[in-house]
Each structure stands twice: as C-alpha cells, then as structure tokens.
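Numbering (this note's numbering), first residue to last: 2 to 102.
Since the structure comes first, as structure tokens, the remarks are kept for the end.
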C-alpha cells in the first residue's frame with residue numbers, strides 16, 4: 002500500500018501526533034499544521050468513509066448529500082479497498098460509536 006512519498010516525514014508526523022494525543026494537545030497540534038480548509042477536508046473524508054462503510058446508499062447519493070465531487074468519493078472508495086478488513090471493521094465500530102454520541 003502506498004503511504005507517502007517521504008516515509009520518514011510521514012513517520013515523524015505520526016510520532017508527533019501520537020505524542021500530541023497522549024499529552025492532550027491534539028487540537029492545537031492539528032490546528033498548527035492544517036489550514037481551516039484542510040481540516041474541513043479531513044472531516045469530509047471521514048464522513049465519506051463512514052457513509053461508504055455503511056453501504057446504505059450509492060456513491061452518487063453520498064456525493065450529493067455531502068456536496069462533493071465524484072472523484073473525492075471515488076478516492077475514498079478506492080482507499081477502502083486497499084485497507085485491511087480487520088482495520089475497516091475497527092473503523093466501522095468506532096464510527097458507529099461516534100454517531101451515537
């Protein structure tokens with residue numbers, strides 16, 4: 002699976018993200034690194050993945066509901082296909098918990 006063009010930088014980011022969560026600084030860390038548009042894009046990607054995992058509606062309907070492009074939905078769908086099924090089950094369980102709250 003393709004992760005990053007620069008794996009060293011990606012791993013450094015993941016290490017810092019882990020530390021930020023452990024020290025309750027995740028909000029500040031991500032606000033520092035991501036623009037408002039990038040944070041919105043991450044939130045949108047999470048919604049896309051959630052709806053694709055749910056499999057209750059076609060991609061076209063997801064696209065219309067989230068007011069995004071077909072290409073964005075397709076990227077999410079293609080990424081899901083590359084992920085380990087156990088991880089995707091974990092995602093489904095945790096997304097369901099978030100949606101209940």
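Glycine included, every Cβ here is placed at the ideal spot set by N, Cα and C.
All values reported here derive from a predicted model rather than from experimental measurement.
{"Asked": "Of the listed residues 58, 13, 78 and 40, nearest to residue 50 (C-alpha basis)", "Found": "78"}
{"Asked": "Beta-carbon spacing of residue 81, residue 60 below 8 Å", "Found": "no"}
{"Asked": "Alpha-carbon spacing of residue 57 relative to residue 37, whole angstroms", "Found": "30 Å"}
{"Asked": "Contacts around residue 17, its chain only, beta-carbon distance under 8 Å, and the 5 residues preceding and following it disregarded", "Found": "30"}
{"Asked": "Distance between residue 4 and residue 20 (C-alpha atoms, nearest Å)", "Found": "20 Å"}
{"Asked": "Residues of its chain near residue 66, where Cβ-Cβ distance is below 8 Å and the 5 sequence neighbours each way are ignored", "Found": "52 and 58"}
{"Asked": "Within-8 Å CB hit, residue 27 to chain D", "Found": "Going by chain labels, chain D is absent from the structure shown, which holds only one protein chain."}
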